[in-house]
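Undergrad:
Protein chains: 2
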Amino acid sequence: MSWQIGIEDLDALAIGAAILGTGGGGDPYIGRVMAEAHMRENGPVTVCEVDELADDAWVIPIAGMGAPTVLVEKVPRGTEPVGAFQRLADHLGAVGALPCPIEAGGINSMVPLQVAAALGRPVVDADGMGRAFPELYMQTFHIAGISGTPACIASEFDDFVILDHLHDNYALEWIARGITIRMGGHSFVSQFPMHGRDVKRAAIRGTLSLGLRIGNAVLRAEQSHEDPLEAICEATQYSGYGRGRILFKGKIVEVSRRTAEGFARGMVRVEGIDQGRGQVIEIEFQNENLLIRQGKRVLGMVPDLITVLDTHTGLAVTTERLRYGQRVSVLGIPAPAIMKSPAALKVWGPRGFGYDFDYATSWELN
Amino acid sequence: MSWQIGIEDLDALAIGAAILGTGGGGDPYIGRVMAEAHMRENGPVTVCEVDELADDAWVIPIAGMGAPTVLVEKVPRGTEPVGAFQRLADHLGAVGALPCPIEAGGINSMVPLQVAAALGRPVVDADGMGRAFPELYMQTFHIAGISGTPACIASEFDDFVILDHLHDNYALEWIARGITIRMGGHSFVSQFPMHGRDVKRAAIRGTLSLGLRIGNAVLRAEQSHEDPLEAICEATQYSGYGRGRILFKGKIVEVSRRTAEGFARGMVRVEGIDQGRGQVIEIEFQNENLLIRQGKRVLGMVPDLITVLDTHTGLAVTTERLRYGQRVSVLGIPAPAIMKSPAALKVWGPRGFGYDFDYATSWELN
Numbered sequence: 001m002s003w004q005i006g007i008e009d010l011d012a013l014a015i016g017a018a019i020l021g022t023g024g025g026g027d028p029y030i031g032r033v034m035a036e037a038h039m040r041e042n043g044p045v046t047v048c049e050v051d052e053l054a055d056d057a058w059v060i061p062i063a064g065m066g067a068p069t070v071l072v073e074k075v076p077r078g079t080e081p082v083g084a085f086q087r088l089a090d091h092l093g094a095v096g097a098l099p100c101p102i103e104a105g106g107i108n109s110m111v112p113l114q115v116a117a118a119l120g121r122p123v124v125d126a127d128g129m130g131r132a133f134p135e136l137y138m139q140t141f142h143i144a145g146i147s148g149t150p151a152c153i154a155s156e157f158d159d160f161v162i163l164d165h166l167h168d169n170y171a172l173e174w175i176a177r178g179i180t181i182r183m184g185g186h187s188f189v190s191q192f193p194m195h196g197r198d199v200k201r202a203a204i205r206g207t208l209s210l211g212l213r214i215g216n217a218v219l220r221a222e223q224s225h226e227d228p229l230e231a232i233c234e235a236t237q238y239s240g241y242g243r244g245r246i247l248f249k250g251k252i253v254e255v256s257r258r259t260a261e262g263f264a265r266g267m268v269r270v271e272g273i274d275q276g277r278g279q280v281i282e283i284e285f286q287n288e289n290l291l292i293r294q295g296k297r298v299l300g301m302v303p304d305l306i307t308v309l310d311t312h313t314g315l316a317v318t319t320e321r322l323r324y325g326q327r328v329s330v331l332g333i334p335a336p337a338i339m340k341s342p343a344a345l346k347v348w349g350p351r352g353f354g355y356d357f358d359y360a361t362s363w364e365l366n
Numbered sequence: 367m368s369w370q371i372g373i374e375d376l377d378a379l380a381i382g383a384a385i386l387g388t389g390g391g392g393d394p395y396i397g398r399v400m401a402e403a404h405m406r407e408n409g410p411v412t413v414c415e416v417d418e419l420a421d422d423a424w425v426i427p428i429a430g431m432g433a434p435t436v437l438v439e440k441v442p443r444g445t446e447p448v449g450a451f452q453r454l455a456d457h458l459g460a461v462g463a464l465p466c467p468i469e470a471g472g473i474n475s476m477v478p479l480q481v482a483a484a485l486g487r488p489v490v491d492a493d494g495m496g497r498a499f500p501e502l503y504m505q506t507f508h509i510a511g512i513s514g515t516p517a518c519i520a521s522e523f524d525d526f527v528i529l530d531h532l533h534d535n536y537a538l539e540w541i542a543r544g545i546t547i548r549m550g551g552h553s554f555v556s557q558f559p560m561h562g563r564d565v566k567r568a569a570i571r572g573t574l575s576l577g578l579r580i581g582n583a584v585l586r587a588e589q590s591h592e593d594p595l596e597a598i599c600e601a602t603q604y605s606g607y608g609r610g611r612i613l614f615k616g617k618i619v620e621v622s623r624r625t626a627e628g629f630a631r632g633m634v635r636v637e638g639i640d641q642g643r644g645q646v647i648e649i650e651f652q653n654e655n656l657l658i659r660q661g662k663r664v665l666g667m668v669p670d671l672i673t674v675l676d677t678h679t680g681l682a683v684t685t686e687r688l689r690y691g692q693r694v695s696v697l698g699i700p701a702p703a704i705m706k707s708p709a710a711l712k713v714w715g716p717r718g719f720g721y722d723f724d725y726a727t728s729w730e731l732n
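Top line first, the protein sequences correspond to chains A and B.
Counting in the working numbering, the first sequence runs without a single skipped number right up to 366 at its last residue.
Counting in the working numbering, the second sequence runs without a single skipped number right up to 732 at its last residue.
(1) Beta-carbon of Trp369/B versus every beta-carbon of chain A: anything under 8 Å?
(2) How many whole angstroms separate the CB atoms of Asn42/A and Gly120/A, which I take to be in contact at a CB cut-off of 8 Å?
(3) Check whether the Cβ of Leu218/A lies closer than 8 Å to any Cβ atom in chain B.
(4) Within 8 Å (strictly less), CB to CB, does Leu458/B reach chain A?
(5) So with Cβ pairs under 8 Å, would you call Ile385/B a contact of chain A?
(6) Taking Phe733/B as the query, report the chain A residues whose CB atoms sit under 7 Å from its CB, ordered along the chain.
(7) Mind pulling the chain A residues with CB within less than 7 Å of Arg453/B?
(8) I want to verify the contact list: residues of chain A whose CB lies under 9 Å from the CB of Ile545/B, in sequence order.
(9) Across which residues does DSSP place Asn655/B in a beta bridge pair?
(10) Is there a C-beta anywhere in chain B that falls below 8 Å from the one on Phe157/A?
(11) Would you identify the three-state DSSP class for Gly551/B, choosing helix, strand or coil?
(12) Provide the residue span of the alpha helix (DSSP H) that contains Phe85/A, from first to last.
(13) Counting only C-beta atoms, is Ala537/B closer than 8 Å to chain A at any point?
(14) Quick check: Arg213/A and Tyr238/A, are their CB atoms within less than 8 Å of each other?
(15) By alpha-carbon positions, which one of Phe141/A, His142/A, Ser190/A and Ala132/A ends up nearest to Asp164/A?
(16) Mapping DSSP to helix, strand and coil, what is Thr412/B?
(17) Who are Glu254/A's beta bridge partners in DSSP?
(18) Whose C-alpha, out of Glu501/B, Gln505/B and Ala484/B, is nearest the C-alpha of Asp493/B?
(19) Cys518/B and Leu454/B look like a contact to me (Cβ under 8 Å); what is the Cβ gap, rounded to whole Å?
(20) Contact criterion: CB-CB distance below 8 Å. Does Gly471/B meet it with respect to chain E?
(21) For my contact list, Val696/B and Ile612/B are in at a C-beta cut-off of 8 Å; report their separation, rounded to the angstrom.
(22) Would you check if the distance between the CB atom of Leu386/B and the CB atom of Thr573/B is smaller than 8 Å?
(23) Contact between the stretch 155-163 of chain A and the stretch 99-110 of chain A: three or more CB pairs below 8 Å?
(24) Would you list, in sequence order, the uninterrupted beta strand (DSSP E) runs of no fewer than 3 residues that lie entirely inside the stretch 11-73 of chain A?
(25) Work out the CA separation of Arg257/A and Ala54/A for me, nearest whole Å.
(26) Measure the Cβ-Cβ separation of Gly610/B and Ile468/B and say whether it is below 8 Å.
(27) Counting C-beta neighbours from all protein chains within 10 Å, is the total for Gln692/B 16 or more, i.e. buried, or is it exposed?
(28) Does the stretch 309-316 of chain A come into contact with the stretch 283-296 of chain A, if we say contact requires no fewer than three beta-carbon pairs (one atom in each stretch) closer than 8 Å?
(29) Since Gly250/A and Gly276/A should fall inside the 8 Å C-beta cutoff, what is the C-beta to C-beta distance between them, to a whole number of angstroms?
(30) From Ala726/B to Leu92/A, what does the alpha carbon distance come to, in whole angstroms?
(31) May I have a chain-ordered list of the alpha helix (DSSP H) segments no shorter than 4 residues that lie completely inside the stretch 199-236 of chain A?
(32) Taking Ile143/A as part of the alpha helix (DSSP H), name the residues at either end of that continuous run.
(33) Just checking, does the stretch 543-560 of chain B make contact with the stretch 436-449 of chain B on the three C-beta pairs under 8 Å criterion?
(34) For my contact list, Thr69/A and Thr259/A are in at a C-beta cut-off of 8 Å; report their separation, rounded to the angstrom.
Below, the structure written as structure tokens:
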């Protein structure tokens with residue numbers, strides 16, 4: 001059943017989507033501003049559930065691409081997402097195509113809303129990652145054998161590049177990343193154009209709803225002076241995701257980060273406080289948080305969701321905003337089963353990021 | 367008046383175009399093989415002179431792009447040029463478009479012939495450089511204010527990327543180079559699609575004819591045991607180009623070359639022999655030869671043509687084939703006036719390559 005997202009929902013969605021963004025997916029503030037401008041003009045956006053899609057309806061996932069460290073310095077012009085979406089739709093002859101998120105995240109859950117508001121079309125309540133991942137082939141659409149091309153990349157100079165045909169989805173990531181780097185390190189990309197029947201078999205469903213649900217839980221906890229961390233853990237249990245769990249609390253004692261080859265890569269070290277004093281964990285990231293270690297022991301890893309939260313407010317701290325001295329809590333959310341099939345783990349399990357061990361559930365799941 | 371190029375002309379064209387290629391424009395042997403295959407199947411190609419073009423006829427310049435050092439190791443599949451040409455024509459709806467060279471060069475004079483033979487269309491006797499230059503905006507088409515986009519880039523994997531709109535021709539070079547690097551350092555590109563009326567006002571005319579004329583002079587000299595160097599100098603005087611001149615003879619005593627950022631950059635040092643013993647010149651190149659120095663004195667510079675020839679055979683030695691000990695002669699050919707307008711010198715005079723001095727005619731011209 002379709003429902004609506006209005007401006008009054010954007011605060012909650014920005015908060016919740018950033019938590020699902022596992023440190024990536026772009027700055028929530030920038031994303032919110034981009035969506036709000038169009039909704040103020042054109043009213044609320046209808047959200048279409050996957051089962052409501054016509055089998056032959058065109059759906060085009062759209063998102064920001066590049067290092068989040070760049071995004072906060074090179075702020076978008078604002079016209080890129082609609083441009084990238086519409087040029088690809090025109091190239092395909094995809095009349096009435098519906099926008100859909102690629103991933104959950106502060107900016108990347110908002111971008112499809114912005115396009116939907118601008119074009120007066122519904123947005124699809126689903127995405128291809130169920131969280132955020134750094135590379136374009138890390139999508140259930142790829143795992144389901146759907147071609148990522150044709151795709152379209154847009155810059156803030158109204159530059160549009162159409163990836164008309166590439167021999168596989170790894171080439172899509174490689175070429176699109178190269179273009180994004182040359183566009184200054186951040187771009188917007190529409191890709192994996194597909195039909196409703198493909199969305200039904202391949203998408204991770206309900207991720208806009210889940211983002212809203214988590215964000216509303218944080219806002220309610222704030223209003224009623226309850227613990228936001230507990231509220232988040234409770235709210236994550238939805239659509240196959242497991243109940244969240246606070247894996248560690250402490251303060252940041254080291255951040256190491258570099259922006260290279262189009263990604264922000266690095267590590268954050270958190271030292272325990274209070275009863276955890278003397279303990280230390282490290283989180284390694286490539287745009288998004290990949291794994292959490294305590295000494296040699298890996299406490300959690302991709303594709304399960306690992307998000308650093310501000311301990312006091314429960315808001316997500318994206319990897320580009322991590323800084324020395326912050327009081328943070330590390331949240332783990334078990335990813336749903338669709339994200340842990342053998343085919344999926346091949347793409348985005350630890351080996352997909354160059355680690356030499358297999359995925360294992362290493363923290364207690366509900 | 368239109369005329370024909372057949373397989374029997376390809377030897378001469380490969381030789382002459384490589385001499386006009388000033389060290390770049392791609393390996394003549396590879397270019398010849400690519401054109402010959404299609405001409406053997408479809409017969410000779412009609413060459414259309416610029417004045418014969420209908421004002422509203424579509425013309426699409428096409429060439430190989432990237433470091434020539436890469437081309438000799440990563441040999442083309444052969445289908446790239448027709449693919450890049452046809453995808454761009456389809457994208458534009460440019461029915462019956464004619465291929466045209468971007469630049470003169472061993473491979474880049476052949477590529478449009480290959481496309482013409484494959485599609486059964488005439489090739490245009492003109493180009494946008496009148497020699498070879500390393501960067502895409504270094505074309506008279508750019509200087510005349512024509513947009514380089516839409517453009518299409520093809521790889522040997524049948525990858526096709528359409529540069530639908532870029533904000534200027536410098537962005538075309540920047541983005542296309544980035545894509546070419548990600549495609550492994552060499553690609554084929556169709557760009558600056560335009561109409562006959564634009565070719566008439568902007569192109570450098572008769573460069574296929576000139577290549578043939580120079581190549582035939584070399585072949586005739588070989589047959590009659592005459593000095594090929596003298597024959598080349600004589601043949602260059604055509605369509606506004608000045609008479610060639612041998613600037614230096616000697617042997618190569620040093621080659622320094624690196625392939626970086628999509629270009630082959632470097633320097634070759636030649637030491638005089640016989641009466642020139644004790645003298646040394648250096649040629650600096652970026653894919654193509656940019657200038658020749660003797661100590662601090664610059665003997666010749668862009669856009670005048672500087673080509674290293676094998677002293678014995680008169681064949682051009684492209685920058686990727688320079689090697690220690692070769693006996694070479696350095697040929698200078700005065701570029702025609704269209705290439706030395708103030709607007710043109712801004713793009714491809716020495717300052718266009720980062721040198722801090724203006725263009726000056728520094729060797730004696732006829």
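Positions of the beta carbon are idealized from the N, C-alpha and C atoms, including for glycine.
TA: Well, looking at it:
(1) It does not: the Cβ of Trp369/B has no partner Cβ on chain A nearer than 8 Å.
(2) 6 Å
(3) Position check: residue 218/A holds Val in this sequence, whereas Leu was assumed. Cβ-Cβ to chain B under 8 Å: no for Val218/A.
(4) no
(5) No, its Cβ sits nowhere closer than 8 Å to a Cβ of chain A.
(6) The requested residue 733/B is not part of the displayed model; chain B covers only 367 to 732.
(7) Result: Asp164.
(8) Val161, Ile175, Gly178, Ile179 and Arg182
(9) Residue pairing for Asn655/B: DSSP places it in a beta bridge opposite Phe651/B.
(10) yes
(11) Three-state result, Gly551/B: coil.
(12) Glu80 to Leu92
(13) yes
(14) yes
(15) Among Phe141/A, His142/A, Ser190/A and Ala132/A, the Cα nearest to that of Asp164/A belongs to Ser190/A.
(16) Secondary structure at Thr412/B: strand, using DSSP grouped into helix, strand and coil.
(17) In DSSP, Glu254/A forms a bridge with Arg269/A.
(18) With distances taken between CA atoms, Asp493/B lies nearest to Gln505/B out of Glu501/B, Gln505/B and Ala484/B.
(19) At roughly 4 Å, the Cβ-Cβ gap stays under 8 Å, so Cys518/B and Leu454/B are in contact.
(20) The chain inventory of the structure shown lacks chain E, comprising the protein chains A and B.
(21) About 7 Å separates the beta carbons of Val696/B and Ile612/B, which is inside the 8 Å limit, making them a contact pair.
(22) yes
(23) no
(24) Those beta strand (DSSP E) runs which fall completely within the stretch 11-73 of chain A and span 3+ residues are 45-48 and 58-66.
(25) 44 Å
(26) no
(27) Answer is buried; the Cβ neighbour count reaches 16.
(28) no
(29) Their Cβ separation, rounded to whole angstroms, is 6 Å, which keeps Gly250/A and Gly276/A in contact under 8 Å.
(30) 52 Å
(31) Listed in chain order, the complete alpha helix (DSSP H) runs (minimum 4 residues) inside the stretch 199-236 of chain A are 207-223 and 228-235.
(32) Thr140 to Ile143
(33) yes
(34) Cβ-Cβ separation between Thr69/A and Thr259/A: approximately 5 Å, consistent with a contact (criterion under 8 Å).
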